[in-house]
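**Student:** Would you mind keeping the following structure in view while I ask a few things?
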Amino acid sequence: TGPERLSEFVNRLQEILPKKIDQVVFNNATLDERQKQLYEERNWKKMIPDTENVDHDLIACPWESAADGLSPTKLGNILHDYIKKTS
């Protein structure tokens, strides 16, 4: 098992990266009953979003798919918009 808190995950990742993390994007979706069941079936857990303990810029966006867990299309759109704003 890995970190349960967002801050733990970011800190562990920062320890192995050669440069400072510029931006943290995390999924802040509220799961409906179907999504909760999917998480349980796949033995997934949502991270505890302790954003107050993260010393990086944050983008909090929901990118859950109604049926399949995480949506790469939604995440791709979030990243695309961020890149456009910062370019």
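Taking my numbering, the leading residue of the sequence shown gets 624, the next gets one more, and so forth.
The C-beta atom is built at its ideal place from N, Cα and C for all residues, glycine as well.
Between N634, E631, R635 and Q646, which has its C-alpha nearest D680's C-alpha?
**Tutor:** One-based indexing of the sequence shown puts residue 680 at position 57. Answer by Cα proximity: Q646.
**Student:** For E628, which beta-bridge partners are listed by DSSP?
**Tutor:** Translated into the one-based positions of the sequence shown, residue 628 becomes position 5. Note on residue identity: the sequence assigns Arg, not Glu, to residue 628. Partner(s): I671.
**Student:** Alpha carbon to alpha carbon, what distance is there between T709 and K669?
**Tutor:** Counted from its first residue, the sequence shown places residue 669 at position 46. Counted from its first residue, the sequence shown places residue 709 at position 86. So the alpha carbons of these two residues sit roughly 28 angstroms apart.
**Student:** Just checking, does the stretch 653-665 make contact with the stretch 624-636 on the three C-beta pairs under 8 angstroms criterion?
**Tutor:** Flag = no, the stretch 653-665 and the stretch 624-636 do not touch.
**Student:** How would you write the range of the alpha helix (DSSP H) that D700 sits in, first residue to last?
**Tutor:** Residue numbering aside, residue 700 sits at position 77 when the sequence shown is read from its first letter. According to the sequence as given, residue 700 is Asn; it is not Asp. Segment P695 to T709, the alpha helix (DSSP H) holding N700.
**Student:** Who are the Cβ neighbours of L698 in its own chain at under 6 angstroms, not counting the five residues just before and after it?
**Tutor:** Here residue 698 corresponds to residue number 75 of the sequence shown, with the count starting at 1. W686.
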